[in-house]
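These notes concern the structure reproduced below.
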Amino acid sequence: MPVAIDRTLAQQIVDTVHSVCGQPVNFIREDGIILASTRNERIGTLHEAGRAAARSGTVQEVTANRHSEKSQPGINLPILHNGQLVAVIGITGDPAGVRRYAHLAERITLLLLREQELSEYNRTQADKRRYAMDALLKPGSGDPAYLAELLRAFGVDPDTPKHLVLLRLTPGEGQTLSGLEAKAEALCRNIGAALYHFYYPDELAAVLDAARLSRARQALLSFAQAQQGCCRVGVGKQTPLGELAASYTAARAACRSIAPGAAPYALFDDLSWELVLADLQPGTRTALLHKTLDPLPEKDRALLRVYFEQDLSLQKTCAALFIHKNTLQYRLNRIAEYCGLNPRSFRDAALLYLALQADDN
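Residue 1 is where the sequence shown starts when you use the UniProt record's numbering, and the numbers rise one by one after that.
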């Protein structure tokens with residue numbers, strides 16, 4: 001397919017070539033009409049030598065004794081891209097003096113065309129990734145046949161279980177969101193997650209084969225740690241591809257469960273009480289702490305943390321704290337008096353444990 005060159009790109013090519021050679025430059029269409037020029041008055045006019053170069057496919061030089069009103073002295077170079085003529089670049093001046101710029105002008109033109117192609121390709125690929133991700137996360141919203149085609153193009157096997165990997169990006173001082181997003185996208189490609197999309201303002205969602213997770217886990221954690229608080233990674237539960245929306249919901253819960261200062265990576269399948277805490281509204285969390293821990297001084301809270309770490313074992317707690325069993329029993333009784341919850345009762349202990357976790361998070 002021929003490359004579509006608009007007036008803006010043509011003028012960019014002209015200006016870039018002119019900045020190198022310092023001579024007047026024209027961008028000439030196949031029909032000989034000047035599309036862009038360093039001299040505005042020439043735009044839209046016929047360039048006879050340029051038309052001849054386009055028709056013949058050969059370089060046309062115009063000397064001082066051969067020039068006309070429609071063709072000034074200079075060199076006119078046909079530019080071929082993928083075997084097709086895309087333009088003629090005309091450089092005005094004595095051919096002997098400007099000839100050395102001809103191939104440089106060709107290289108500049110082809111580089112700028114290639115840059116446009118890559119930009120259009122990347123934009124097209126991004127649009128396709130978004131369509132596929134939206135169709136997977138909102139079942140029934142896309143065309144099944146087109147979705148299947150996109151999955152094949154991105155190398156996604158529809159028959160293997162998947163995890164939705166969610167990277168929550170919050171750029172810090174000296175960082176840009178676009179820069180952080182680019183690094184996160186490169187990470188996705190490196191771990192084999194070719195299908196991903198950034199959802200404004202802060203979520204990059206990626207589809208990962210369940211079989212790849214064990215190898216990808218350390219890469220995800222290392223990346224998040226390297227961003228120094230600017231990235232959290234939540235991995236959703238394993239689901240069939242058609243149920244990816246459920247994995248996405250789980251990945252968001254996993255992200256919410258990550259406490260400040262904790263490892264910036266969470267796998268939904270590894271979570272338990274963290275899921276409860278992640279969904280606690282601020283008012284509910286405050287009420288929970290008020291009803292449980294507010295009456296307790298910090299030394300009693302510290303004792304409870306050790307007590308729970310030792311699985312409610314009096315003997316192990318005494319050993320860890322280097323205190324006598326009678327002292328521990330006295331302090332546990334005092335905690336029960338202060339807050340009305342007995343740490344040696346299973347139900348009361350469970351509530352106190354949850355409150356401590358909420359307090360720590």
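No residue lacks a Cβ here, since even glycine has one placed at the ideal position from N, Cα and C.
Just so we're clear, the structure is a prediction, and the values are computed from it rather than from any experiment.
Measuring CA to CA, which of the options is closest to residue i?
i	options	result
Phe223	Gly140, Gly32, Leu167, Cys318	Leu167
Ala320	Asn333, Leu304, Ala350	Leu304
Arg212	Leu35, Gln238, Gly229, Arg232	Gln238
Ala245	Thr170, Thr109, Leu137	Leu137
Phe198	Gly179, Lys162, Ala145, Ala210	Gly179
Ala54	Asp31, Arg114, Ile91, Gln310	Asp31
Arg39	Ile91, Ala52, Thr63, Ser56	Ile91
Thr284	Ser247, Leu354, Pro144	Leu354
Thr63	Gln329, Thr109, Ala96, Glu117	Ala96
Pro297	Thr327, Gln329, Ile335, Ala287	Ile335
Cys57	Gly261, Gln84, Leu46	Correcting the residue type first, residue 57 is Gly in the shown sequence and not Cys. Of Gly261, Gln84, Leu46, the residue nearest in Cα terms is Gln84.
Ile33	Ser19, Asp15, Ala10	Ala10
Leu356	Phe322, Leu147, Glu309	Glu309
Ala216	Gly155, Cys188, Ala148	Cys188
Glu173	Ala126, Glu203, Gln227	Gln227
Ala36	Glu48, Asp15, Gln116	Asp15
Under the assumption that residue i contacts residue j (Cβ atoms under 8 Å), give the Cβ distance between them as a whole number of angstroms.
i	j	result
Leu195	Arg129	6 Å
Ile79	Glu61	In fact, because the Cβ distance is near 16 Å, the residues do not count as touching under 8 Å.
Pro264	Gln225	6 Å
Ala105	Val17	5 Å
Ile13	Leu77	Incorrect: roughly 12 Å between the Cβ atoms, too far for contact.
Leu328	Cys318	5 Å
Whose C-beta lies closer than 7 Å to the C-beta of residue i among residues of the same chain, with five residues either side of it excluded?
i	result
Leu351	Thr292, Leu341
Ile5	Val86, Ala87
Gly93	Gln23, Pro73, Gly74
Would you say residue i and residue j are within 8 Å of each other, going by their C-beta atoms?
i	j	result
Gly236	Pro139	no
Val86	Gln23	no
Cys230	Tyr101	no
Ala259	Gly234	no
Ala193	Leu208	yes
Leu169	Glu181	yes
Asn65	Gly50	no
Pro240	Pro161	yes
Tyr248	Ala184	no
Ala250	Phe268	yes
How would you write the range of the alpha helix (DSSP H) that residue i sits in, first residue to last?
i	result
Asn65	Where Asn65 is concerned, there is no enclosing alpha helix (DSSP H), given that its DSSP letter is neither H nor E.
Pro95	95-98
Ser37	Not the alpha helix (DSSP H): Ser37 falls in the beta strand (DSSP E), residues 34-37.
Met13	According to the sequence shown, residue 13 is Ile rather than Met. Here the alpha helix (DSSP H) through Ile13 covers 7-21.
Ala52	48-56
Val306	298-309
Cys318	314-321
Ile335	325-339
Phe27	Counting along the chain, Phe27 falls outside any alpha helix (DSSP H), though it belongs to the beta strand (DSSP E) covering 25-28.
Asn190	177-190
Tyr101	Where Tyr101 is concerned, there is no enclosing alpha helix (DSSP H), given that its DSSP letter is neither H nor E.
Leu283	First, the amino acid is wrong: residue 283 is Gly here, not Leu. First-last of the alpha helix (DSSP H) with Gly283: 282-292.
Arg212	No alpha helix (DSSP H) contains Arg212, which DSSP labels as neither H nor E.
Ordered along the chain, which non-local residues of its own chain (more than five positions away) have a Cβ less than 8 Å from that of residue i?
i	result
Leu312	Pro343, Arg344, Ala349
Asp359	Leu289, Leu293, Arg301
Met1	Note that Met1 has pLDDT 41, beneath the 50 cutoff, so the model's placement of it is unreliable and no number is given.
Which two residues bound the contiguous beta strand (DSSP E) that contains residue i?
i	result
Pro201	Looking at the DSSP string, Pro201 is not in any beta strand (DSSP E), and its letter there is neither H nor E.
His163	162-169
Tyr265	265-267
Arg42	Note, Arg42: premise wrong, no beta strand (DSSP E); not H, not E.
Pro78	74-81
Gln84	84-92
Arg232	231-235
Going along the chain, which residues of its own chain have a beta-carbon closer than 6 Å to the beta-carbon of residue i, five neighbours each way excluded?
i	result
Leu150	Lys128, Ala132
Asp157	none
Ala219	Ile191
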